[in-house]
Amino acid sequence: MSFLDKLFSANKNKVKDPVCKMMVDPEKAEYKSNHDGKTYYFCSENCQKTFEADPQNYAS
4 MSFLDKLFSA NKNKVKDPVC KMMVDPEKAE YKSNHDGKTY YFCSENCQKT FEADPQNYAS
């Protein structure tokens, strides 16, 4: 398996933290928040709090 294949397969099930844009595995994410019927996942408590303070700025 090539390096790129490994990289893409590692990120296959991940989603992007809307605040810092880091890739997060939703199955392992400790921090998450619901907004307008959608669940958002975060890499850290800081990103979650930033999102929750102004979700319209980060929600897509």
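For any residue, its number in my numbering is found by taking its place in the sequence shown, counting from 1, and adding 3.
C-beta: ideal position from N, C-alpha, C; glycine also.
- Rounded to whole angstroms, the separation of the alpha carbons of Glu30 and Tyr61 is 21 Å.
- Rounded to the nearest angstrom, the gap between the Cα atoms of Lys35 and Ser5 is 33 Å.
- Lys52: member of the alpha helix (DSSP H) spanning 48-56, first to last residue.
- Annotation for Asn37: the continuous beta strand (DSSP E) segment containing it runs 34-38.
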